[in-house]
Amino acid sequence: MASTGASSGRPSGSSSSSSSSSSTDPLIASGLLCQMKDREKYIETFNFPYCDDVVKYEKVAKIGQGTFGEVFKARDRKNMKKFVALKKVLMENEKEGFPITALRELKILQLLKHENVVNLIEICRTRPSQHNKYKSTFYLVFDFCEHDLAGLLSNVNVKFSLGEIKKVMQQLLNGLYYIHSNKILHRDMKAANVLITKNGILKLADFGLARAFSVSKTGQQNRYTNRVVTLWYRPPELLLGDRNYGPPVDLWGAGCIMAEMWTRSPIMQGNTEIQQLTLICQLCGSITTDIWPGVESLELFNKVELPRGQKRKVKERLKPYVKDPYACDLLDRLLMLDPKKRADSDAALNHDFFWTDPMPTDLSKMLAQHTQSMFEYLAPPRRPGHMRAAHSQQMAQAKPSSTLDGGFQDRVF
Ligand SMILES: Nc1ncnc2c1ncn2[C@@H]1O[C@H](COP(=O)(O)OP(=O)(O)O)[C@@H](O)[C@H]1O
Ligand SMILES: [Mg+2]
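Count the sequence shown with the UniProt record's numbering and you get residues 1 to 413, in order.
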């Protein structure tokens, strides 16, 4: 990116000016002041190549507030029919210039071009001026998608048929197949990071935690951080401290999202890492070296006390919601404890679920009934509560416990 050198948008000599501001020599001080003013004037008028002024877009509404900043819906002033999403780059540690995490997200987004991956149009900046102390704010500019999956699932009026659920999952797995083929791990799969356009096209979004991965031929282990993936979607290998993980981490998330298509709420909502592992064992069975050879080498396996003697109940507990036996079988394969046994995106896409009637159905007709955008940020906050072991059958048959204004369901089920 040619513009990043100047990206901090502030006089690069500011440190020298501050160190000499204690100077008592008025001549030197006024000389430096002139120099600073010159630099500010230069920055103010400099036309950064490849990095337009964000005023070309007009903010319409705030649609997201993540850990790393705000997201806005905005309109292109030159083409009033064109909408974009502006994701503000948070300058946590401005002394170090453009944040490395945002740079990584940007590089990965520039590499990934696919129908099922959110499209980055460009990066824009605010014009440096005395109002922002000559510091630009940067925005990633994306094609606008009307909904995110968490928003859609929060609204009881949005009803997915089996064929439509198949379409969602097929597109999601196509996206994962593509990014994994390009040696990128997403590492933050969850419903809020899955966007859906009004035409029913699904886009994987939020590459803020993504990274490139390599499969070592020499058997050398990778040492990636395991503090990734939102807790409720975090796979057992990460919770047990694995640092040499790969694409299966994203397929666990895909399994959690798939189940959520029916349960309408995240299936395992732990408050702590230990609780999350306990919930996983209660659903997928106890973690043993028999069902997961090699698990004993993971750092935390011998350090944490986990439920023993638990039977695997994935199909049994999801059946009341999911009903379709092919869907239950695919879920069972995605929610495998041992990452080596977990279905990869290719195997999942070849599963009978996608190749039996009803076949995957276009979503645009169903979405045309909803004229309002649905985003997690705009939906009422999730209530704690997760798929209950004992009462799942009764709860599945019960009507939603309450329906709030706008059709948003109380997410306890
Ligand atoms: N291109 C887009 N179109 C529509 N909404 C978007 C787009 N990108 C992000 N959003 C919304 O903003 C939210 C936060 O964006 P995201 O990229 O996930 O950032 P964060 O790292 O803050 O979670 C998303 O969950 C989604 O609701
Ligand atoms: Mg996000």
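All residues carry an ideal CB built from backbone N, CA and C; glycine is no exception.
Quick caveat, the model's predicted, so the values are computed rather than measured.
Name, in chain order, the residues that DSSP records as bridge partners for residue i.
| i | result |
| --- | --- |
| Asp143 | Val84 |
| Ile123 | Leu140 |
| Leu195 | Asp148 and Lys203 |
With a threshold of 8 Å (Cβ to nearest heavy atom), would residue i be considered close to ligand 1?
| i | result |
| --- | --- |
| Asn193 | yes |
| Ala102 | no |
| Val118 | yes |
| Tyr139 | no |
| Lys73 | yes |
| Lys113 | no |
| Cys145 | yes |
| Asp148 | yes |
Mapping DSSP to helix, strand and coil, what is residue i?
| i | result |
| --- | --- |
| Leu185 | strand |
| Val314 | helix |
| Val249 | helix |
| Asp344 | coil |
| Asn226 | coil |
| Ser129 | coil |
| Ala212 | strand |
| Val117 | strand |
| Asn174 | helix |
| Met359 | coil |
| Ser21 | Caution applies to Ser21, whose pLDDT of 45 falls short of 50 and renders its modelled position unreliable; the value that the coordinates give is listed next. Ser21: coil per DSSP, three-state reduction. |
| Met374 | strand |
| Met366 | helix |
| Val304 | coil |
| Trp232 | helix |
| Ala390 | Annotation note: pLDDT 37 at Ala390 (below 50); position unreliable, coordinate value reported separately. Ala390 falls in the coil class under three-state DSSP. |
| Ala379 | coil |
| Met336 | coil |
| Gln110 | helix |
| Lys217 | coil |
| Val168 | helix |
Using 8 Å as the cut-off, classify the Cβ of residue i as near or not near the heavy atoms of ligand 2, replying yes or no.
| i | result |
| --- | --- |
| Ala205 | yes |
| Gly208 | yes |
| Gly270 | no |
| Gly64 | yes |
| Asp250 | no |
| Asp188 | yes |
So that I know if they touch, is there some Cβ in chain B lying closer than 9 Å to that of residue i?
| i | result |
| --- | --- |
| Leu231 | Of the protein chains in this structure there is only one, and it is not chain B. |
Complete runs of the beta strand (DSSP E) confined to the stretch 47 to 104 [at least 3 residues]: 57 to 66, 69 to 76 and 79 to 88
Whole runs of the alpha helix (DSSP H) within the stretch 243 to 301, excluding any shorter than 4 residues: 248 to 263 and 273 to 284
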